[in-house]
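Peer 1:
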Amino acid sequence: MGAVSVVESLSPTQIAAWDGGETAVAEQVAPDVWAIPVPIPAGTIPHTLCYALLDDRGVHLVDPGWGDETGIEALTAGLLAAGRALGDVRTAIATHFHPDHLGAASVLRGLVGARVVFSSVEQRVLQSETSPAATDAPAYRATLREWGVPDGEWEALLASFDRPSLVSSAAPDQVIGDNSVLELGTHRLRVIATPGHTDGHVCLVDEERGLLYSGDHVLPRIYSGIGIGTLPGSDPLGDYFASLDRLAPYDRYTVLPGHEYSFRGLDARRAQLIAHHLRRTAEVAALQEELGDAPVWEYARRLTWTAGWDGMRGFWLHSALRQTALHREYARTDGARERLAVAAV
Ligand SMILES: [Zn+2]
């Protein structure tokens, strides 16, 4: 779902292509940094922005994108526009494990020997997401029971659960953690752990160029999902808010996000993202007095949904229930009470 833009777009071509549902052309976005749009097959969004960091010895990619033939062709053409070749790629770094970011990494390792890099937490998330328990329909049935989903809805939900896995399997050659520094020729990237979208999501900061590679943690208009890849016992919403606070030192930086377009105005966007999610937390907290320990289903049907609650089916229903479960959990924490008191939403 898009929102009114509170940021300053830095690329008219990227914004026009995105709004037209087309794949943008590769373009230089900073000294020795190119943005290469890599298509997402049959997706709800057109492409991922892969960033190619050029140096004398080769090319380093941040979020190489989807790893199918079309994706590799887009990378090849984009690198050609930047005066480089696919064979120059030395490193493929992913901000998180989703296939529209990490997908092409292992393909590039196979094709040109690229070193695959992502966070050690994300490595554990990926392992748990691909574990038998995570892909097991009986385990999902137990979740539906716990959520209090009526019998009539189960079939469509279980069918949506069977859709092709959104997980790419890739083992890293190098893992990074909070505050690690990647020295990539003239590009010095500091790793900032930003859990929320996934537990192991990271942003990368180039202090010299004033750049923030934000992955899916902060996009200019899209509200990316929260908790799409977690470890047991994590608090994705609490983490997400804290991860937005952590970016305050970079409010004046140019943001290079995983989708849409590069922008300035991180402070305004951070505030907008926090307010958006806190409104939902406040809505759930208000229901808690009345509903108490009622199952997730009872909460979800009482919340306001842009597309309406009746008629919500399959994957969208699953997302709504999952989001409700996260807010119901988070609303009970001291952290939530403090944030709600300050925001007075
Ligand atoms: Zn993404």
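Mind the numbering: the sequence shown is residues 744 to 1088 in this note's numbering, read in order. Note that the Cβ used here is the ideal one computed from N, Cα and C, for glycine as well.
1. Using three-state DSSP, classify L823 as helix, strand or coil.
2. Any chance the CB of D811 is under 6 Å from a heavy atom of ligand 1?
3. Please report how far the alpha carbon of R931 lies from the alpha carbon of A882, in whole angstroms.
4. Mind checking which residues open and close the alpha helix (DSSP H) that includes F840?
5. So does G814 have its beta carbon nearer than 6 Å to some heavy atom of ligand 1?
6. Under the assumption that A1037 contacts A1074 (Cβ atoms under 8 Å), give the Cβ distance between them as a whole number of angstroms.
7. Give a yes or no on contact between the region 831 to 846 and the region 785 to 805, applying the rule of three or more CB pairs nearer than 8 Å.
8. In its own chain, which residues sit with a C-beta less than 6 Å from the C-beta of R952, not counting the 5 before and 5 after it?
9. Taking the beta carbon of A902 as the centre, do at least 16 other beta carbons fall within 10 Å, making it buried, or is it exposed?
10. Out of D879, D942, V864 and C946, point me to the one whose CA is closest to Y996's CA.
11. Looking at Y794 and V776, is the spacing between their C-beta atoms short of 7 Å?
12. My guess is that H940 and I965 are in contact by the Cβ rule of under 8 Å, so how many angstroms apart are they, rounded?
13. Out of L1083, V1039 and A1086, state which residue places its alpha-carbon closest to the alpha-carbon of G891.
14. Measuring from the CB of D959, is there a heavy atom of ligand 1 at a distance below 6 Å?
15. Would you say the beta carbon of H841 is closer than 6 Å to some non-hydrogen atom of ligand 3?
16. Kindly indicate which three-state DSSP category I758 falls into: helix, strand or coil?
17. Can you name the start and end residues of the alpha helix (DSSP H) that L900 belongs to?
18. Report all residues from its chain with a CB closer than 7 Å to the CB of A759; omit the five preceding and five following residues, and keep chain order.
19. Assuming A913 and A848 make a contact with CB atoms under 8 Å, what is their CB distance in whole Å?
20. Could you check how far apart the C-beta atoms of W809 and P784 are, in whole angstroms? I think they sit under 8 Å.
21. Determine the direct distance from the alpha carbon of G972 to that of L1064, and round the result to whole angstroms.
22. What is the DSSP secondary structure of S1005, counted as helix, strand or coil?
23. For a test of the three-state rule: what should DSSP assign to T813, helix, strand or coil?
24. Does P789 come out as helix, strand or coil in the three-state DSSP assignment?
Peer 2: In brief:
1. The count along the sequence shown starts at 1 and reaches residue 823 at position 80. Three-state result, L823: helix.
2. The count along the sequence shown starts at 1 and reaches residue 811 at position 68. False, no ligand heavy atom lies under 6 Å from that Cβ.
3. Taking the sequence shown and counting its residues from 1, one reaches residue 931 at position 188. Taking the sequence shown and counting its residues from 1, one reaches residue 882 at position 139. Taking the straight line from one Cα to the other gives about 43 Å.
4. As a working mapping, residue 840 is identified with position 97 in the sequence shown. Looking at the DSSP string, F840 is not in any alpha helix (DSSP H), and its letter there is neither H nor E.
5. As a first step, residue 814 must be located in the sequence shown, where it is residue number 71. Result no, Cβ not under 6 Å from ligand 1.
6. Taking the sequence shown and counting its residues from 1, the one referred to as residue 1037 is at position 294. Taking the sequence shown and counting its residues from 1, the one referred to as residue 1074 is at position 331. Their Cβ separation, rounded to whole angstroms, is 13 Å, which puts A1037 and A1074 out of contact at 8 Å.
7. yes
8. The residue you call residue 952 lines up with position 209 of the sequence shown. Excluding residues within five positions, the ones whose Cβ falls inside 6 Å are A773.
9. Counted from its first residue, the sequence shown places residue 902 at position 159. Per the 10 Å Cβ criterion, exposed.
10. Against the sequence shown, residue 996 aligns to sequence position 253. The residue with the shortest Cα to Cα distance from Y996 is C946.
11. What you label residue 776 is simply residue 33 of the sequence shown in a count that begins at 1. What you label residue 794 is simply residue 51 of the sequence shown in a count that begins at 1. The answer is yes: Cβ separation under 7 Å.
12. Against the sequence shown, residue 940 aligns to sequence position 197. Against the sequence shown, residue 965 aligns to sequence position 222. The pair is not a contact, with the Cβ atoms about 11 Å apart (cut-off 8 Å).
13. Here residue 891 refers to the residue found at position 148 of the sequence shown. Of L1083, V1039 and A1086, the residue nearest in Cα terms is V1039.
14. In the sequence shown, residue 959 corresponds to position 216, counting from 1. Checking the Cβ of D959 against ligand 1 gives yes.
15. Here the bound small molecules are ligand 1; ligand 3 is not part of this structure.
16. For the purposes of this step, residue 758 is taken as the residue at position 15 of the sequence shown. Of the three classes helix, strand and coil, the one that applies to I758 here is helix, per DSSP.
17. Start at 1 with the first residue of the sequence shown, and residue 900 comes out as number 157. Here the alpha helix (DSSP H) through L900 covers D894 to F904.
18. Residue 759 sits at position 16 when you count from the first residue of the sequence shown. So the list is empty, once near-sequence residues are dropped.
19. Indexing the sequence shown from 1 puts residue 913 at position 170. Indexing the sequence shown from 1 puts residue 848 at position 105. The Cβ separation is near 6 Å, so the contact holds.
20. As a first step, residue 809 must be located in the sequence shown, where it is residue number 66. As a first step, residue 784 must be located in the sequence shown, where it is residue number 41. Their Cβ separation, rounded to whole angstroms, is 6 Å, which keeps W809 and P784 in contact under 8 Å.
21. Within the sequence shown, numbered from 1, the residue matching residue 1064 stands at position 321. Within the sequence shown, numbered from 1, the residue matching residue 972 stands at position 229. Whole-angstrom Cα-Cα distance: 15 Å.
22. Residue numbering aside, residue 1005 sits at position 262 when the sequence shown is read from its first letter. Coil.
23. As a working note, residue 813 is residue 70 in the sequence shown. DSSP places T813 in helix when its eight states are reduced to three.
24. For the purposes of this step, residue 789 is taken as the residue at position 46 of the sequence shown. It is coil, neither helix nor strand.
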